[in-house]
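Participant:
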Amino acid sequence: MSLRTQIQSASDLLTPAERQLSAVILADYPFAGLEPIQELSQRAGVSAPSISRFVSKLGYRGFQEFQQSLVRELREGRTSPIELKEAQGGAPPEPFAAQLARASALLAELAEQVPAAQFDRVVELLSDPRRRIYMIGGRMTDSIARFFVGHLRQIRADVVHFPSDPETWPEYLLRLRPRDVVLVIDFRRYQASLERLAAKVRERRAQTIVITDQWISPAARGATELIPVPTLSGTLWDSYVAAFALVEALLVPLAERNWSETRTRIEAWDALRDTETETPE
Numbered sequence: 005m006s007l008r009t010q011i012q013s014a015s016d017l018l019t020p021a022e023r024q025l026s027a028v029i030l031a032d033y034p035f036a037g038l039e040p041i042q043e044l045s046q047r048a049g050v051s052a053p054s055i056s057r058f059v060s061k062l063g064y065r066g067f068q069e070f071q072q073s074l075v076r077e078l079r080e081g082r083t084s085p086i087e088l089k090e091a092q093g094g095a096p097p098e099p100f101a102a103q104l105a106r107a108s109a110l111l112a113e114l115a116e117q118v119p120a121a122q123f124d125r126v127v128e129l130l131s132d133p134r135r136r137i138y139m140i141g142g143r144m145t146d147s148i149a150r151f152f153v154g155h156l157r158q159i160r161a162d163v164v165h166f167p168s169d170p171e172t173w174p175e176y177l178l179r180l181r182p183r184d185v186v187l188v189i190d191f192r193r194y195q196a197s198l199e200r201l202a203a204k205v206r207e208r209r210a211q212t213i214v215i216t217d218q219w220i221s222p223a224a225r226g227a228t229e230l231i232p233v234p235t236l237s238g239t240l241w242d243s244y245v246a247a248f249a250l251v252e253a254l255l256v257p258l259a260e261r262n263w264s265e266t267r268t269r270i271e272a273w274d275a276l277r278d279t280e281t282e283t284p285e
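Each position in the sequence shown, counted from 1, maps to that position plus 4 in this note's numbering.
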């Protein structure tokens, strides 16, 4: 369980001051938790002893141990497939059924991790016709972003895929308005260019939604909505099953929120498609 999940799970046990502290840590996770205790105290508006009591409730012997746990999470976020494979030793490959069971477990974990209220907020942002929607992913996760863009374009207008080449980004950044939304998908072995892009998006006061793993991409700093999804599969590859499931789950209410407009757009879309097929020889 990530430290972020520990904090969220302990919310009912916290005092008002501790809840205020947890909100500050989660809003800029994990970076806020790595600040010196006096700086975090000033930032959250709580006393240093309150921070000590807070980390004690989470099961840590002190603030230093709490920060060491955060550092371990950050190191795990840089773990490569080679390191994951070496950690498995000589274990034989698991059968197909076992892999499917792991995928099912990740989906169950996703259902517990993403609050319904947050899911609804994200749907609200992505369905607002006054907002342009931009999406981009990393070297591997851009496949999820492209999948999302391809479907969402059939539901609503003004859906844009950020190209992977940073040299083209100024053109897109110049179009951004404060109400627009940039959705970033970035999993561990994080892409530094996405961190820089997210910072420039915030400078232009646009909104960001970041879908990441339990170790939290640096691109998530200051995100409007941060959605960590489970990816740890127990193999040398992290799993994208939960991320694709989240995107598919979002597409359903986005399409059905205003079904008459969605239907009209899909009909117009299909009418304009090139439906000719080649004649077999």
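Note that the Cβ used here is the ideal one computed from N, Cα and C, for glycine as well.
When we look at the beta-carbon of LEU17 and count the other beta-carbons within 10 Å, is it buried (16 or more) or exposed?
Facilitator: Looking up residue 17 in the sequence shown gives position 13. With fewer than 16 other Cβ atoms within 10 Å, it is exposed.
Participant: Using the C-alpha atoms, what's the distance from VAL185 back to GLU175?
Facilitator: Position 171 of the sequence shown, counted from the first residue, corresponds to residue 175. Position 181 of the sequence shown, counted from the first residue, corresponds to residue 185. Looking at the two C-alpha atoms, the distance is approximately 16 angstroms.
Participant: Among SER243, LEU178 and LEU198, which residue has its Cα nearest to the Cα of LEU170?
Facilitator: Taking the sequence shown and counting its residues from 1, one reaches residue 170 at position 166. The sequence shown places Pro at residue 170, not Leu. Residue LEU198 is the option with its Cα nearest to PRO170.
Participant: Quick one: grab the DSSP three-state call for ILE220.
Facilitator: Taking the sequence shown and counting its residues from 1, the one referred to as residue 220 is at position 216. In this structure, ILE220 counts as coil in the three-state DSSP scheme.
Participant: Just the Cα atoms here: how many angstroms apart are LEU180 and ALA247?
Facilitator: Taking the first residue of the sequence shown as 1, we reach residue 180 at position 176. Taking the first residue of the sequence shown as 1, we reach residue 247 at position 243. Taking the straight line joining both Cα atoms gives about 26 angstroms.
Participant: Among the residues of its own chain, which have a CB less than 8 angstroms from the CB of ARG125, if the five just before and after it don't count?
Facilitator: Stepping through the sequence shown from its first residue, residue 125 is reached at position 121. GLU229.
Participant: Which residue wins for smallest C-alpha separation from GLY142, given the options TYR244, ASP32 and PRO34?
Facilitator: Position 138 of the sequence shown, counting from 1, holds the residue named residue 142. Checking every option, the nearest Cα to that of GLY142 belongs to TYR244.
Participant: Would you list the residues sitting across from GLU229 in a DSSP beta bridge?
Facilitator: In the sequence shown, residue 229 corresponds to position 225, counting from 1. Paired residues: ILE213.
Participant: Assign GLN292 to one of two classes, buried (16 or more other C-beta atoms within 10 Å of its C-beta) or exposed (fewer than that).
Facilitator: Residue 292 is absent from the structure shown; the chain starts at 5 and stops at 285.
Participant: Going by C-alpha distance, which of THR239, TRP273 and VAL164 is nearest PRO99?
Facilitator: The residue labelled residue 99 in the question sits at position 95 within the sequence shown. With distances taken between Cα atoms, PRO99 lies closest to THR239.
Participant: For LEU187, name the three-state secondary structure that DSSP assigns.
Facilitator: As a working note, residue 187 is residue 183 in the sequence shown. If DSSP states are grouped into helix, strand and coil, LEU187 belongs with the strands.
Participant: Smallest Cα separation from TRP173: which of GLU113, SER73 and LYS204?
Facilitator: Stepping through the sequence shown from its first residue, residue 173 is reached at position 169. The option with the nearest alpha carbon to TRP173 is LYS204.
Participant: Quick one: any contact between the segment 107-118 and the segment 153-167, if contact means 3 or more CB pairs under 8 angstroms?
Facilitator: Not touching, per the Cβ criterion.
Participant: Need the endpoints of the alpha helix (DSSP H) that VAL50 sits in, please.
Facilitator: Stepping through the sequence shown from its first residue, residue 50 is reached at position 46. Element bounds for VAL50: n/a, residue is neither H nor E.
Participant: What would DSSP say about VAL245, mapped onto helix, strand or coil?
Facilitator: As a first step, residue 245 must be located in the sequence shown, where it is residue number 241. DSSP places VAL245 in helix when its eight states are reduced to three.
Participant: Starting from VAL163, follow its DSSP beta bridges and name the residues at the other end.
Facilitator: Translated into positions along the sequence shown, residue 163 becomes position 159. For VAL163, which the question treats as bridged, DSSP gives the partners ILE137.
Participant: What is the rounded straight-line gap between the Cα of LEU236 and the Cα of ALA105?
Facilitator: Here residue 236 is taken as the residue at index 232 of the sequence shown, counted from 1. Here residue 105 is taken as the residue at index 101 of the sequence shown, counted from 1. If I take the Cα positions, the gap works out to 13 angstroms.
Participant: In whole angstroms, give me the CA-to-CA distance for ARG136 and ILE231.
Facilitator: Translated into positions along the sequence shown, residue 136 becomes position 132. Translated into positions along the sequence shown, residue 231 becomes position 227. About 20 angstroms.
Participant: Which same chain residues end up closer than 7 angstroms to ALA249 when comparing Cβ atoms and leaving out the 5 residues on each side of it in sequence?
Facilitator: Taking the first residue of the sequence shown as 1, we reach residue 249 at position 245. Once the five neighbours on either side are set aside, the close Cβ partners of ALA249 are LEU111 and LEU114.
Participant: Quick one, which of ARG47, PRO53 and GLU80 has its alpha-carbon nearest LEU7's?
Facilitator: To locate residue 7, count along the sequence shown from 1; it is residue 3. It is GLU80.
Participant: Within 10 angstroms of the Cβ of LEU276, are there 16 or more other Cβ atoms? Answer buried if so, exposed if not.
Facilitator: As a working mapping, residue 276 is identified with position 272 in the sequence shown. Exposed, by the Cβ-count rule.
Participant: Report the rounded CA-to-CA distance for ALA36 versus GLY226, giving the unit in angstroms.
Facilitator: Indexing the sequence shown from 1 puts residue 36 at position 32. Indexing the sequence shown from 1 puts residue 226 at position 222. The alpha-carbon atoms of ALA36 and GLY226 are separated by roughly 11 angstroms.
Participant: Short check: CB of ILE140 to CB of VAL214, under 8 angstroms?
Facilitator: Translated into the one-based positions of the sequence shown, residue 140 becomes position 136. Translated into the one-based positions of the sequence shown, residue 214 becomes position 210. Not a contact, by the Cβ cut-off of 8 angstroms.
Participant: By how many angstroms is the C-alpha of ARG269 removed from the C-alpha of LEU44?
Facilitator: Here residue 44 is taken as the residue at index 40 of the sequence shown, counted from 1. Here residue 269 is taken as the residue at index 265 of the sequence shown, counted from 1. The alpha-carbon atoms of LEU44 and ARG269 are separated by roughly 49 angstroms.
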